[in-house]
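Take a look at the structure set out below.
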Amino acid sequence: MEWLTYGSDYITGLKPGDMPLVDFTRDCLHREKQRTSGAYKQNTLYSATGQLLSHTFSDPMLNREYGFNDNGQLVHIRGVHQEEDYRCEQQGAALLESRYLYDPLGRRVSKRVWKNRRTYGEITGNEYIQLFPRK
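Read in order, the letters of the sequence shown correspond to residues 0 to 134 in numbering that gives the first Met the number 0.
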């Protein structure tokens, strides 16, 4: 197994034997732009300010788009199987939060949504936040 790297160990590929298994293409800021493995292809697009705008895949059912407000906060994620909107109160705390748990193969095995209640915890640190459903 050979890891193909450059610079400060930025990975450009993985090659077991003579056949490449995974190839990565990076931009001048070393962010991943494209990942290829056989017929599988993933492209990542960033805004001029470095925010993640989209992930597009060889299977369009997996595509996702990300939207940000003027303050640079994530306000929505759109995809065929996912549509989440996030609103923030004046202090910047999330009003709706969804968390997903994936297995090692990338399949979603659990989803938890916090809304219409107060909660402590690890969501934003050690402070209260009020979560509301999107409208």
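Where a beta carbon is used, it is the ideal one built from N, C-alpha and C, also for glycine.
Residue i versus the options, residue with shortest Cα-Cα distance
{"i": "D17", "options": "L61, G66, E1 and H80", "result": "E1"}
{"i": "A135", "options": "T48, Q72 and P19", "result": "Outside the shown range of the chain (0 to 134) lies residue 135, about which nothing can therefore be said."}
{"i": "Q33", "options": "L13, E83, D84 and F56", "result": "F56"}
{"i": "E64", "options": "N70, Q72, V79 and G71", "result": "V79"}
{"i": "G6", "options": "V21, K14, R25 and L51", "result": "R25"}
{"i": "S46", "options": "I10, F67, Y85 and L3", "result": "F67"}
{"i": "Y48", "options": "Q81, G71 and D22", "result": "For the sequence presented, residue 48 should be read as Thr rather than Tyr. If we check each option's Cα against that of T48, G71 comes out closest."}
Per DSSP, cross-strand counterpart(s) of residue i
{"i": "K32", "result": "Answer is none; K32 lacks a bridge partner."}
{"i": "V21", "result": "L13"}
{"i": "S53", "result": "L44 and E64"}
{"i": "G78", "result": "R63"}
Cα-Cα separation between residue i and residue j, rounded to whole angstroms
{"i": "I76", "j": "D58", "result": "18 Å"}
{"i": "Q50", "j": "Q41", "result": "17 Å"}
{"i": "L139", "j": "G105", "result": "Here the chain comprises residues numbered 0 to 134, so residue 139 is not present and cannot be evaluated."}
{"i": "K110", "j": "Y85", "result": "16 Å"}
{"i": "I10", "j": "C27", "result": "14 Å"}
{"i": "M60", "j": "H54", "result": "11 Å"}
Buried or exposed (CB count within 10 angstroms, at least 16 for buried), residue i
{"i": "E126", "result": "The predicted position of E126 is uncertain, since its pLDDT is 39 and thus under 50; no value can be drawn from it."}
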